[in-house]
Amino acid sequence: MPVFNAVIGLMVVALFSGAPKEEGEPRVALRVTLHTVHLIGYTYEPADLVVQVGDTVRFVQESTLPHNVEFTDVPAGTTLGDAMSGPYVIQSGDLYDLVINERFRGGDYAFHCTPHQTLGMKGTLKIQ
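Numbering of the sequence shown is given in the working numbering, commencing with residue 7 and proceeding in unit increments.
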């Protein structure tokens with residue numbers, strides 16, 4: 007059993023060592039950025055963000071009004087699935103994390119708060 011555990015351990019180290027697979031192959035650097043948007047009154051602060059695939063946008067509830075994030079305009083061919091309309095954050099301190107993954111193509115994304123769109127609660131994400 008100890009030999010088996012040692013072999014498994016070496017396989018895990020090899021998988022996660024970050025070493026190039028072949029001579030001259032570049033290492034992959036992992037970059038993760040967290041962007042925070044505060045939901046205050048009838049505003050997103052900041053309302054406009056520039057992000058990249060791999061980033062996370064965290065929406066933080068800082069008022070007592072229920073808010074959400076609903077995308078209204080996305081680049082052609084984009085299918086966001088359940089990310090098209092996020093959950094409501096109701097209590098102060100509630101969070102909604104939106105992971106900018108492969109569903110998001112490069113371009114501009116317009117969003118608003120569903121119950122407060124007529125009050126001008128809107129924003130944009132620019133995916134680079």
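We treat Cβ as the ideally placed atom computed from N, Cα and C, and that holds for glycine.
When Cβ pairs closer than 8 Å are counted between the two stretches, the stretch 112 to 121 is seen to touch the stretch 72 to 87, the count reaching three or more. When DSSP states are grouped into helix, strand and coil, A82 belongs to the coil group. Straight through space, the alpha carbons of Q134 and N74 are spaced by roughly 23 Å.
For H118, the enclosing beta strand (DSSP E) covers residues 113 to 118. DSSP places T62 in the strand class (E or B) of the three-state scheme.
The DSSP-derived three-state label of T130 is strand.
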